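Structure first, commentary second.
In my numbering, the protein residues as written are 14 to 116.
Here it is in structure tokens:
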């Protein structure tokens, strides 16, 4: 994961139990030094649904993530033709929402 946070260029990588877990860990590693509240964010639920099944493996995928900080919970969604891209979108939105509304 590579991102710009203020004047800092962050680059992090992680191994996980699958690609989505690895993305979650890498994103946390890059963001947590700048946004310590992220440590309290925990994934509660992760659901995947195919939106247009007639397209078979080319179908758009919707990923729904429920996250909690121990006091509040929130839901985010990512949609893409690629399950990893949809998961990334939902993860990023989860962190953004959590930081804006719960930090």
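We treat Cβ as the ideally placed atom computed from N, Cα and C, and that holds for glycine.
Bear in mind the structure is a predicted one, so any value in this text is a computation, not a measurement.
With DSSP run on the structure shown, which of helix, strand or coil describes residue 107?
Numbered from its first residue, the chain shown carries residue 107 at position 94. Helix.
I need the boundaries of the alpha helix (DSSP H) containing residue 39, first residue and last residue.
Walking along the chain shown from the start, residue 39 turns up at place 26. Element bounds for residue 39: 32–44.
With 16 other Cβ atoms within 10 Å as the buried cut-off, status of residue 37
By 1-based counting over the chain shown, the position of residue 37 is 24. Note on residue 37: 16 or more other CB atoms within 10 angstroms of its CB, so buried under the neighbour-count rule.
Kindly indicate which residue of 64, 85, 95 has the alpha-carbon position closest to the one of residue 50.
If you number the chain shown from 1, residue 50 lands on position 37. The residue with the shortest Cα to Cα distance from residue 50 is 85.
Quickly, what does DSSP pair residue 68 with across the bridge? List them, please.
Here residue 68 refers to the residue found at position 55 of the chain shown. Beta-bridge pairing links residue 68 to no other residue.
Can you give me the C-alpha to C-alpha distance between residue 28 and residue 34, rounded to a whole angstrom?
Here residue 28 corresponds to residue number 15 of the chain shown, with the count starting at 1. Here residue 34 corresponds to residue number 21 of the chain shown, with the count starting at 1. Going from the Cα of residue 28 to the Cα of residue 34 covers about 8 Å.
Comparing C-alpha positions only, which one of 95, 56, 60 sits nearest to residue 71?
Position 58 of the chain shown, counting from 1, holds the residue named residue 71. It is 95.
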